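The opening position of the first sequence corresponds to residue 1445 in this note's numbering, with each subsequent residue numbered one higher.
The C-beta atom is built at its ideal place from N, Cα and C for all residues, glycine as well.
Just so you know, these numbers come straight off a predicted model, no measurement behind them.
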Amino acid sequence: MSAFDRLAQPIRKWIRGRGWREMRDIQVRATEAILGSEADVIVAASTAGGKTESAFLPLLSDVIDRPSDAGGFDLLYIGPLKALITDQAERLTSICEWTDLPVTPWHGDVPQGVKGRAIKAPGGVLLITPESLEALFVRRGAEIARLFAETRAVVLDEMHTMLGSERGVQVQSLLTRIELARGHRLRRVGLSATLGDMDLARAWLHPDDPGAVLLLVAQGGGSELRLQVKGFVAGKEGAEATERRVAADLFTRLRGTSNLVFAGSRGNVETFADHLRQLCETQALPQEFFPHHASLSREHRSFLETRLKKGSLPTTAVCTSTLELGIDIGDVTCVAQVGAPFSVAALRQRMGRSGRRAGAPAILRQYAIESAVEAAATLPDRLRLGLVRAIAMIDLLLKDHFEPPATGALHLSTLVHQILSVIAERGGTSAARLHHVLCRAGPFRAVDAALFGEVLRALGRPETALIEQAADGLLLLGREGEKIVEHHSFYAVFQTPKEYRLFEGGHELGTLPVEQVLAPGMLLLFSGRRWRIMEVDDRDKVILLTPSLGGKAPVFGSAPGIIHDMVVARMFALLEGQDVPIYLDETAADLLAEARAAFRHMELDRRPIIERGPGAWTLATRAGTALTATLALALQARGFTVAAHDGFLEADSETRDIRSVLEEIRAAQGEPEVPAEATLAFEKFHPNLTRNLLLYDALSARLKFGEVPALCSGLLSSSEDMSSSNLQDYS
DNA sequence: GACCTGCTGCGGTTTG
């Protein structure tokens, strides 16, 4: 029987109505896998590859041909974005045209009435965010078993966003809790365009039996890739003039077509959008360049998304990662990247937005801006680390190597969240039951009973008061716990900063973080236009703006970027190599030659430690951000001031010698050494834990003291032969 | 030296 014939009659009718000549290969294979087995399935296909249909045509067929008598939702879909859920619900409603299966989108913008009706008569497909599912547990814990009693499968969309993230652990935990409530397993179907390590993806989907997960990868689809790296040197003209030259190049290359320009930060998005707007104005051309980032109003963002999707007018979005994944914005001619990205995985995701039409190439224009090098130039300037990283990223992209998600983290912040959620769901529970639900059946398997007890005691401290224990031993929400769980901000496992809202007239333009100093009279670039601040209301967190002629991009706040070991290793290979990639323009090639000359001149090709001056050293760690930062902490704990760059550390001390201190650190055998002033609280519920627990969490995720002794050995090795990795232990 | 994601229930008022 052909795959088409295995589908239910109403589904076949819908397919014929589409006028499809045949099903795609991935859809045929998914139909056979889903209808021919009970196994979990991963469907890996590009964004336009028909993943959603691959999963839902057979899943819906199964529901139609083998209807269940019990009530409850037949299929569950979890998606990371509200806009994606709205889109997918429309597509599924169309597919279900000839069936009587309801399709219910469920997120914060869905009206209460729709949700009320779905709870009263659950059935068909429920499409929901992780946060709204969390809210169901907290508010309607007793009804979970009824709602999902006979659910056939859960579809996990954009699965790559879940791997290694706090939100992914939350989803894993919620799925186990559904299974425990209804008493049997829930089949999982994962969808993604960009999964690096398939074994990790399998293990995430089915931790107890990764080998049983069927993996379906779409064939081909790899369109031709055209690349250029353009170098720019900021000379005496200053930074702004250089930005203008980059903007002028973008204007010439992109005008008249639709494109995405990834500018790296919200501040840069505003800066380049402003330059490009001015170029349109000067030449009396209609506006076709618009900014897009998370702080802009929903209204402005949807205007731009709709314009891109319609494709009738040339449109270039200057954007941050807001346009990296999610809803279908159609095909763009070219992806431009200003400055090096932070991961190959993100670059790959971005490239997926271009070259989607059959026969059209994917085009990447990489812009690298470097400073003019003078005698006092900094290490990153002399070694052209921005350009070198951009080339390393492209190199890895071409080889199809990208960063695997981090594994092995304890995720204690999300554990705290789930402890509160399970207690709220059941109105109270025992410590043993909690440990079973979350750490044995659930995703927190690295947390043993002793560590779990320490977490519970931290939450029960009088000053924390998240939980308390009744006389019979039952764990209940404490005074603060009640407050936190009651508020709607509880449902998300990630944290968001407080923000000002920006208005012009009664019209909201977007938001800015409250940390920065803003005062009336200041000039601002925002939402692609220029403003003067009229009024700052600190109580209501509102800022009133009026149009002006000047202005500069605001500071949106920052977090350190994390570069993987694999990228830094590639950067060193480039610095030590001779080859000049053919996709470099003349300036970029000159800059790479300068970087290589500087690398040799500093003798970094021969020695891992060089002395910049008395009490000032440069170390070539050749490691990514995590390990380099860990060594930096150990040096700081011993009185050094340090500055970290990709694969390098600059360490200064007036009293200590770097070699003897590295010997000491090596002798400490990976014992953590963290200066008292270093913060270890990064995640939403971290402030409720003890410093000791935060250290455990950091050691499991972002600090690598275990690798420090080997790193020290490599640095101390007197070998002149640097061809073998200095990360090996020579002792 | 960075980015992104999410949100319930209830009480009061208005409208047909």
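| Asked | Found |
| --- | --- |
| How big is the Cα-Cα spacing for F1695 and F1938? | 37 angstroms |
| Assuming T1764 is part of the alpha helix (DSSP H), what are its boundary residues? | Looking at the DSSP string, T1764 is not in any alpha helix (DSSP H), and its letter there is neither H nor E. |
| How many angstroms separate the CA atom of K2148 from the CA atom of A2112? | 14 angstroms |
| Here's the rule: buried if 16 or more other CB atoms are within 10 angstroms of the residue's CB, otherwise exposed. What is K1674? | buried |
| Here's the rule: buried if 16 or more other CB atoms are within 10 angstroms of the residue's CB, otherwise exposed. What is S2175? | For S2175, the pLDDT reaches just 32, beneath the cut-off of 50, and the residue's location in the model is therefore unreliable, although a value from the coordinates is still provided. S2175 is exposed by the Cβ-count criterion. |
| Alpha carbon to alpha carbon, how far is L1993 from G1608? Give it in angstroms, no decimals. | 45 angstroms |
| My understanding is that R2146 touches A2076, with C-beta atoms under 8 angstroms, so please give their C-beta distance in whole angstroms. | Wrong, their Cβ atoms sit about 12 angstroms apart, outside the cutoff. |
| So M1978 is in the alpha helix (DSSP H); what residue range does that whole segment cover? | From DSSP, M1978 is part of no alpha helix (DSSP H) but of the beta strand (DSSP E) over R1973 to D1981. |
| First and last residue of the beta strand (DSSP E) that includes E2094? | F2092 to D2096 |
| Quick check on DSSP: helix, strand or coil for T1404? | Missing from the structure shown is residue 1404; the chain here goes from 1445 to 2175 and no further. |
| Using DSSP with H/G/I as helix, E/B as strand and the rest coil, what is G1634? | strand |
| Determine which residues share a DSSP beta bridge with Y2027 and list them. | DSSP lists no partner for Y2027. |
| Would you mind sorting I1835 into buried or exposed? The rule is 16 or more other CB atoms within 10 Å of its CB. | buried |
| Using the Cβ count rule (16 or more neighbours within 10 Å means buried), how would you classify E1610? | buried |
| Figure out for me which residue from Y1944, V1899 and T1873 has the closest Cα to the Cα of D1916. | T1873 |
| Is the number of C-beta pairs between the segment 1537-1557 and the segment 1566-1583 that are closer than 8 angstroms three or more? | yes |
| Quick one: grab the DSSP three-state call for L2057. | Inspection of the sequence shows that residue 2057 is occupied by Gly rather than by Leu. G2057 falls in the strand class under three-state DSSP. |
| Taking all protein chains shown into account, do 16 or more other C-beta atoms lie within 10 angstroms of the C-beta of H1951, making it buried, or fewer, making it exposed? | exposed |
| On a CA-only basis, which of R1632, Q1616 and R1462 is nearest T1595? Give me that one, please. | R1632 |
| Do A2060 and D2096 have their CB atoms nearer than 8 angstroms? | yes |
| Looking at V2012 and D2090, is the spacing between their C-beta atoms short of 8 angstroms? | yes |
| Identify whether P1454 lies in helix, strand or coil by the three-state DSSP scheme. | helix |
| Are the CB atoms of E1687 and L1715 within a distance shorter than 8 angstroms? | Just to set this straight, residue 1715 is Thr in the shown sequence, not Leu. Result yes, Cβ atoms of T1715 and E1687 sit closer than 8 angstroms. |
| What would DSSP say about H1951, mapped onto helix, strand or coil? | strand |
| Looking only at its chain, what residues have a beta carbon closer than 7 angstroms to the beta carbon of K1495, apart from the 5 residues adjacent to it on each side? | V1487, A1489 and L1635 |
| Apply the 10 Å Cβ neighbour rule to H1879 and answer buried if 16 or more other Cβ atoms are within range, or exposed otherwise. | buried |
| Can you tell me which residues form a DSSP beta bridge with Q1614? | BP columns for Q1614 are empty, so no partner. |
| Measure the Cβ-Cβ separation of F2000 and S1709 and say whether it is below 8 angstroms. | yes |
| Tell whether a beta-carbon distance below 8 angstroms holds between A1868 and G2068. | no |
| Identify whether K1985 lies in helix, strand or coil by the three-state DSSP scheme. | coil |
| Give me whichever residues DSSP pairs with S1446 in a beta bridge. | Paired residue(s): none; S1446 is not in a bridge. |
| Is it true that the CB of I1522 sits closer than 8 angstroms to the CB of V1582? | no |
| Between the C-alpha atoms of A2004 and L2106, what's the straight-line distance to the nearest angstrom? | Strictly speaking, residue 2004 in this sequence is Pro, with Ala absent from that position. Approximately 25 angstroms between the Cα atoms of the pair. |
| Within a Cβ cutoff of 7 angstroms, which residues of the same chain sit near P1566, ignoring the five residues on either side of it in sequence? | G1515, G1516, F1517 and L1591 |
| If we count the other Cβ atoms within 10 Å of its Cβ and call it buried at 16 or more, is V1961 buried or exposed? | exposed |
| Can you tell me where the beta strand (DSSP E) with S1815 in it begins and where it stops? | A1806 to S1815 |
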